[in-house]
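Asks: So for the sequence shown, my numbering puts the first residue at 8; every next one is plus one.
A single structure is presented below for examination.
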Amino acid sequence: MISLQGIHKTIIDGRHQVRVLDDISLAIHEGEFVSIIGPSGSGKSTLLHVLGLLDKPTDGQYFFTNEPVLRLSPGRLATFRNRRIGFVFQSFMLMPRMSVLENVELPLLYSRLSRRERRERCIAVLQGVGMQDKVKQRAIHLSGGEKQRVAIARALVNDPDLILADEPTGNLDGAAKSGILQIFSKLKAQGKTIVMVTHDTDAAAIADRCLRIQSGRIVDAKLAGGAK
Ligand SMILES: Nc1ncnc2c1ncn2[C@@H]1O[C@H](COP(=O)(O)OP(=O)(O)OP(=O)(O)O)[C@@H](O)[C@H]1O
Ligand SMILES: [Mg+2]
C-alpha cells in the first residue's frame with residue numbers, strides 16, 4: 008500500500024546541513040501495524056511527517072496505493088491527506104475551547120456531508136473510542152486519556168486508509184495508556200493500517216513489525232508482537 012524509496016531529508020540549520028533522514032526505503036502493506044522506535048533525535052517524527060504528507064523529503068519517492076503523492080499539487084495534497092490519512096499526536100492537538108463533537112467534526116467540514124450526516128459519523132467514531140457520553144464537553148476540560156481518545160476519533164472520522172500516531176501514549180499514565188493501546192489493538196483487528204512511533208515497549212509489542220531508526224537510517228527491521 009505504501010512504498011518509500013530512497014527518502015532523504017536534509018535540513019539547513021544555520022550554516023550546517025543536518026541529515027535527518029538518510030536513504031530510507033520502506034514498504035507497508037495494507038492492514039499492517041508497524042511500530043517505529045529509536046533514540047531521541049533519530050528522525051522518527053520526521054519520517055512520520057513525511058509518511059503523513061506534512062513534510063516533504065529532499066529526495067526520494069513515495070507511492071501511496073500506487074500514486075506518486077509527492078507530485079500532487081498543494082491543493083490536491085491537502086485533500087489527499089484529509090481523506091486518506093489520520094494523524095494522532097503526542098500532545099493531542101485539540102481545539103481547547105471547542106466541544107468534543109466539534110473537534111471530531113473538523114476534518115468533515117470540507118466534505119459534502121449534511122450537518123446531520125456529519126453528526127452521525129462523529130457520534131459513531133466517538134462510540135468506538137468510548138467517548139459518546141462527553142460529546143458536549145469542551146476539550147480543555149478533559150483528562151489526558153480522554154483528549155487522546157477524542158484525537159483518535161478525529162483521526163478516524165474520514166475512515167482513512169492509513170493511521171499515523173506519534174507517541175500517542177507519551178503523555179499518559181498507566182491506566183490511560185492501556186486504554187489507548189486497547190483502541191489501537193482494536194483498530195488493528197479491524198484491519199486498519201497503522202504506523203506508530205513509540206518509546207514504549209508495551210506499545211511496540213502490539214505491532215506486527217518493529218522498525219528501529221538511528222541517525223536517520225533504518226538499522227533493524229525485525230518482527231515483533233502478533234506476526235512472529
Ligand atoms: N526544522 C528543523 N530544523 C533543524 N533541525 C531539525 C528540524 N526538524 C528536525 N530537526 C532535527 O532532526 C533530527 C530528528 O528530529 P525528529 O523530531 O524527527 O526526531 P525524533 O526521533 O522524533 O526525536 P524524539 O524522540 O525526541 O521525538 C533532530 O536532530 C532534530 O533536531
Ligand atoms: Mg519525535
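Each residue gets a CB set at the ideal place from its N, CA and C atoms; glycine is no exception.
Computed from a predicted structure; not experimentally measured.
1. In or out: residue 25 buried (at least 16 other Cβ within 10 Å) or exposed?
2. Leaving aside the five residues before and after residue 101 along the sequence, list all residues of the same chain whose C-beta is less than 7 Å from its C-beta, in chain order.
3. Between residue 128 and the rest of its own chain, which residues show a CB-CB distance below 8 Å, the 5 nearest in sequence each way excluded?
4. Residues bridged to residue 16 by DSSP?
5. Let me know the secondary structure DSSP gives residue 48 once reduced to three states.
6. Please classify residue 226 as buried or exposed, where buried requires at least 16 neighbouring CB atoms within 10 angstroms.
7. Taking C-beta to C-beta, are residue 39 and residue 200 nearer than 8 Å?
8. Could you spell out where the alpha helix (DSSP H) holding residue 172 opens and where it closes?
9. Roughly how many angstroms lie between the CA atoms of residue 4 and residue 122, to the nearest whole one?
10. Using only alpha-carbon positions, find the residue among 69, 10, 142, 44 that is nearest to residue 174.
11. Do you know offhand how far residue 134's Cα is from residue 140's?
12. Is residue 99 helix, strand or coil when you go by DSSP?
13. Examine ligand 1 and report whether any of its heavy atoms sits within less than 7 Å of the Cβ of residue 20.
14. Nearest CA to the CA of residue 106: which residue from 96, 93, 69, 149?
15. Considering residue 67, what are the terminal residues of the alpha helix (DSSP H) in which it resides?
16. Apply the 10 Å Cβ neighbour rule to residue 176 and answer buried if 16 or more other Cβ atoms are within range, or exposed otherwise.
17. By Cβ distance below 6 Å, which residues in the same chain neighbour residue 34 in space, the five residues on each side in sequence not counted?
18. Would you decide whether residue 124 is buried or exposed? Buried here means 16 or more other CB atoms lie within 10 Å of its CB.
Replies: Answer, in terms of the structure:
1. exposed
2. 110, 146, 154, 157, 158
3. 115, 120, 164
4. 28
5. coil
6. exposed
7. yes
8. Where residue 172 is concerned, there is no enclosing alpha helix (DSSP H), although the beta strand (DSSP E) it sits in stretches over 169-173.
9. Past the boundaries of the shown model lies residue 4; the chain is included only from 8 to 235, so the question cannot be answered.
10. 44
11. 8 Å
12. coil
13. yes
14. 149
15. First-last for residue 67: 66-71, but that is the beta strand (DSSP E), not the alpha helix (DSSP H).
16. buried
17. 10
18. exposed
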